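**Q**
In the working numbering, the protein residues as written are 22 to 574.
1) Under the three-state reduction of DSSP, which class applies to residue 363: helix, strand or coil?
2) Given a threshold of 16 other Cβ atoms within 10 Å of its Cβ, counted over all protein chains shown, does residue 327 qualify as buried or as exposed?
3) Determine the contact status of residue 105 and residue 379, defining contact as a CB-CB distance below 7 Å.
4) What does the Cβ neighbour count give for residue 545, buried or exposed, with the cut at 16 atoms within 10 Å?
5) Nearest by alpha-carbon distance to residue 555: which of 451, 136, 319 is it?
6) Can you tell me whether residue 335 is helix, strand or coil according to DSSP?
7) By how many angstroms is the C-alpha of residue 189 removed from the C-alpha of residue 248?
8) My output table needs one value for residue 238: the three-state DSSP class, helix, strand or coil.
9) Excluding the five sequence neighbours on either side, which residues of its own chain have a C-beta within less than 6 Å of the C-beta of residue 315, listed in chain order?
10) Can you name the residues that DSSP bridges to residue 137?
11) Taking 7 Å as the cut-off, decide whether the C-beta atoms of residue 446 and residue 330 are in contact.
12) Would you call the stretch 359-375 in contact with the stretch 280-289, where contact means no fewer than 3 C-beta pairs closer than 8 Å?
13) How long is the line joining the alpha carbons of residue 411 and residue 491, rounded to whole angstroms?
14) Opposite residue 291 in the DSSP bridges: which residues?
15) Alpha helix (DSSP H) containing residue 566: first to last residue?
16) Within 10 angstroms of the Cβ of residue 140, are there 16 or more other Cβ atoms? Answer buried if so, exposed if not.
17) Quick one: what's got a C-beta closer than 7 Å to residue 333's C-beta in the same chain, skipping five residues either side?
18) Where does the unbroken alpha helix (DSSP H) through residue 470 begin, and where does it stop?
19) Could you name each continuous beta strand (DSSP E) segment of 3 residues or more that falls completely within the stretch 400-455, going from the start of the chain to the end?
20) Measuring only the C-alpha atoms, how far is residue 214 from residue 439?
21) Out of 224, 163, 172, which one is the CA nearest neighbour of residue 206?
22) Tell me, please, which residues DSSP counts as bridged to residue 384.
23) What does the Cβ neighbour count give for residue 117, buried or exposed, with the cut at 16 atoms within 10 Å?
24) Less than 8 Å between C-beta atoms, sequence neighbours within five positions excluded: which residues of the same chain meet that for residue 443?
25) List the DSSP bridge partners of residue 527.
26) How would you label residue 426, buried or exposed, when you count the other beta carbons within 10 angstroms and need 16 or more for buried?
27) Specify, as a first and last residue, the run of the alpha helix (DSSP H) that residue 540 falls within.
28) Please determine, among 304, 345, 500, the residue with the shortest C-alpha to C-alpha distance to residue 524.
29) Tell me whether residue 503, by its Cβ, gets closer than 6 Å to a heavy atom of the ligand HEM.
30) State yes or no: is the C-beta of residue 572 within less than 7 Å of the C-beta of residue 476?
31) For residue 553, report the span of its beta strand (DSSP E) as first-last.
32) Just how far apart, CA to CA, sit residue 496 and residue 204?
33) Buried or exposed for residue 135, please, with buried defined as at least 16 other CB atoms from any protein chain shown within 10 angstroms of its CB.
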């Protein structure tokens, strides 16, 4: 999740952290192209130290360009469909930016020679990604050497979020980064570790990243979150560190989070991957379950809160500067692999050609610019990598209701909940808001539930991109004492990691609630009470509407 800056939209230039730099400047670069489809122009920040571009150097090994809006000379997506196409990387100009942040180079080396992606040979070595907390000293030495060589390259940042492109783009980014590291240390079997934050043994910062003398170390991390401090997957800025005496409670709560994000709340592709994003669409249509939580919480849990922008992991533009970024995203990538193996639901990749044919550009380990489609990312065996087998403790950790239906009825008879009428929306989340929402269907059969998931839609979430935002969503809970993720009433959270630039953005959150309603014995109810609980930055958030829909895919 590192990023470049888009002046016209929050969907990004996808680029790596290691490319030639430009003269020190507080400006951005922008791809300049005739824009007959009225598609926003994407920009990115440039900056540091080197005074010329040299495509022959090792610094040019990796870049991803894609996830943009079309308007490219490489192809015209509007001629046949609407998949996302890569930009013309030769069209790059500088635009003035404010000077409050450390600039990063964002213009890629140009090339007119682009090769189409080919899978590695089936006889090539299989890379097995290990759990970071289980690696040995020999692996750490090898990994540190590779990162030290890569750190000798200047910075370039990336982002590609809030849509169904999140998983495939990041898979490719890690794929090429991993292969480049392997080439730097002459080891074709080298594989990135994964931060096993979905299991108790990995629910703290991996020790391999905490030695100040190691290239794996980054000083711009939260000093209060070093081992043995435990990771809270429901973290919000300012939360106190967990009580070590209550470690088992936190482990259980974290596993409840994972169950909701991977199992009960992610039975359909749209819920897991995020909403469709096609050429010409408005940006930031909506995140999937894992991108929202725990991916985003871990970013700002790791970043340094004493830095102006939460650097490094706590801000889009700088996250890729921290080596732990790749370890974190390696486990995010593992979630995609695991999700497709969970029984039940429609846990399969999209078949939509606009998703499958969306394209990205990356520089590979041989300094070649490669065009890759989403459909090339779907099988890790074909990509010749896999993951170490470790326990998966969250598969059966379903949350439980805070109160029985009868207990809630008795309590509600004694006190009334203050409801905000739906006609009063849009509302600012500067306080807890509860609203009664009608259900289009109720008491559905098992077959109907299998065909369509009932979803809660938080629509028109408008916020400042440079603000850290988090709010929780609960169903049929007590607004004055809302439960946490260990309770069935907890439907999920909206989380935004800041961008460096101040800009309004608007998106939608979709939460699967079929299993939640079963747990709450609320399947026959005509309405639900939905409560929005601001945790961080609520006064910067406006919500336009809350409604219930049904999702088939």
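For each residue, glycine too, the CB sits at the ideal point set by N, CA and C.
Because the structure is a prediction, the values reported are computed rather than measured.
**A** This is what the structure holds:
1) coil
2) exposed
3) yes
4) exposed
5) 451
6) coil
7) 31 Å
8) coil
9) 254
10) 392
11) no
12) yes
13) 31 Å
14) Residue 291 is not bridged to any residue.
15) Careful: residue 566 lies outside any alpha helix (DSSP H), inside the beta strand (DSSP E) at 566-572.
16) exposed
17) 239, 241, 324, 339, 340, 342, 343
18) 467-472
19) 406-408
20) 49 Å
21) 163
22) 390
23) Annotation note: pLDDT 44 at residue 117 (below 50); position unreliable, no value reported.
24) 456, 457, 458, 566, 567
25) 483
26) exposed
27) 535-540
28) 304
29) The ligand HEM is not part of this structure, which contains no ligands at all.
30) yes
31) 548-557
32) 51 Å
33) exposed
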